[in-house]
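> Provided herewith is a single structure, encoded as structure tokens, for subsequent inquiry.
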Amino acid sequence: MNCFQIIKSILDEEYDQISGNEVEKDEQINDKLKQLRQEYTQLLNGHNISYNNHITRFAYIYAYVTSHANLVCTLIEKNSELNSIFDKEKVKVACIGGGPGSDFLGILKYLMTNQKKPDIKFQICDQEKAWAESWSDVDDKVERTFNTSTSYLPLDVTNSNDWKNHQKYFQSDLFTMIYFMSELVALRDLANQYFVNLFSQAKSGSLFLFVDNNNPEFYDWFDELAKTHNIDIIKSQEDRITVPFEEEKSDLGKYYVKFDSPKLTANVAYRIGQKK
Ligand SMILES: C[S@@+](CC[C@H](N)C(=O)[O-])C[C@H]1O[C@@H](n2cnc3c(N)ncnc32)[C@H](O)[C@@H]1O
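If you count the sequence shown from 1, you need to add 94 to reach the working numbering.
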């Protein structure tokens, strides 16, 4: 399966789990799509988004995962510092706040499009345990010629009891933080200790890919951490990026006909950093 066929298969599984008949399910999903759009505008006011039910997870995967995966793929393609790490034989990637799978799928799309086949291990870290269910059998869906393995680590970065005993993935080659810090900004004081540990213990040469809403409240936090922990910012850009979507429409199948278009244009700030 290509990565958008994988998304479709996961959407099918989530859709089946939503209670009600088709009309009722679609109505709940449409409401949730609107609600999520609204909720993302409230992050700076401390609004907390919960992904712990099937309707929210379906809505998030449909509206945002397609877009964010494309963003990740586009940024890897555009930046040689990033894409060259996939020429190595073995690569370890930690997707921090990567529960919905966008970071993983974006990298997978890049590998598939460019026929790169490193032995690649993904560690997906996220506080929402339910995402693990969605991705538990994803390795079986990826064509065998791609050597991917994914493991899921449920952890809350605002709670040191949760993360302090699980730090093996701090030795990854690449850390992705895609639309993650924006969700934590109101909990910055509680989450900062996690990032300080991660940034200070990351190995020399490891790369960081940060992508988030184009708002200094979010990227200043990343920039400050980078500055104080020997992370060289190789690329720093604010940009409006429209993701290529034509090929994915048919993969999203019936859902694309039923629901509003997924997010296609993103006003982002992104950073590529490298630990000295
Ligand atoms: C907006 S989503 C971004 C997901 C993905 N990276 C993407 O781009 O689609 C934010 C993710 O952060 C996770 N998250 C929020 N607070 C967290 C925390 N305190 N610790 C760990 N993960 C958290 C959520 O469960 C959610 O999966």
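Think of the CB as a built atom: it goes at the ideal place given N, C-alpha and C, for glycine as much as any other residue. Owing to the predicted nature of the structure, the values given are computational and were not obtained by experimental measurement.
1) Just to confirm, are A280 and Y313 a CB contact at a threshold of 8 Å?
2) Starting from Y204, trace the alpha helix (DSSP H) in both directions and tell me its first and last residue.
3) What would DSSP say about V290, mapped onto helix, strand or coil?
4) If contacts are defined as beta-carbon pairs under 8 Å, then C189 and T252 qualify, I think. What distance do you get, rounded to the angstrom?
5) Using the Cβ count rule (16 or more neighbours within 10 Å means buried), how would you classify H260?
6) CA-CA distance, C97 and N255?
7) Distance, Cα to Cα, R238 vs S196?
8) Could you tell me if the beta carbon of F274 falls within a distance shorter than 7 Å of some heavy atom in ligand 1?
9) At which residue ranges does the segment 116 to 154 contain complete alpha helix (DSSP H) runs of 4 or more residues, listed in the order of the chain?
10) How is R282 classed by DSSP in three states: helix, strand or coil?
11) Using alpha carbons as the reference points, say which of I218, K211 and K126 lies closest to I179.
12) Return the residue from the list K223, K352, K329 and F339 that minimises the CA-CA distance to D125.
13) Could you check whether T160 and P338 sit closer than 8 Å to each other, using their CB atoms as the reference points?
Walking through what the data contain:
1) Indexing the sequence shown from 1 puts residue 280 at position 186. Indexing the sequence shown from 1 puts residue 313 at position 219. Contact: no.
2) On the sequence shown, position 110 is the one that residue 204 refers to. Per DSSP, Y204 belongs to the alpha helix (DSSP H) from S196 to T207.
3) Taking the sequence shown and counting its residues from 1, the one referred to as residue 290 is at position 196. If DSSP states are grouped into helix, strand and coil, V290 belongs with the helices.
4) In the sequence shown, residue 189 corresponds to position 95, counting from 1. In the sequence shown, residue 252 corresponds to position 158, counting from 1. With 8 Å as the limit, C189 and T252 do not qualify as a contact, their Cβ atoms being about 18 Å apart.
5) Taking the first residue of the sequence shown as 1, we reach residue 260 at position 166. H260 is exposed by the Cβ-count criterion.
6) Indexing the sequence shown from 1 puts residue 97 at position 3. Indexing the sequence shown from 1 puts residue 255 at position 161. The straight-line gap from Cα to Cα measures roughly 34 Å.
7) What you label residue 238 is simply residue 144 of the sequence shown in a count that begins at 1. What you label residue 196 is simply residue 102 of the sequence shown in a count that begins at 1. Looking at the two C-alpha atoms, the distance is approximately 20 Å.
8) Position 180 of the sequence shown holds residue 274. Indeed, a heavy atom of ligand 1 lies less than 7 Å from the Cβ.
9) 116 to 134 and 148 to 154
10) Your numbering for residue 282 matches position 188 in the sequence shown. R282: helix per DSSP, three-state reduction.
11) On the sequence shown, position 85 is the one that residue 179 refers to. It is K211 whose Cα lies nearest to the Cα of I179.
12) To locate residue 125, count along the sequence shown from 1; it is residue 31. Closest by alpha carbon: K352.
13) Position 244 of the sequence shown, counted from the first residue, corresponds to residue 338. Position 66 of the sequence shown, counted from the first residue, corresponds to residue 160. No, the pair does not count as a contact, with Cβ atoms beyond the cut-off.
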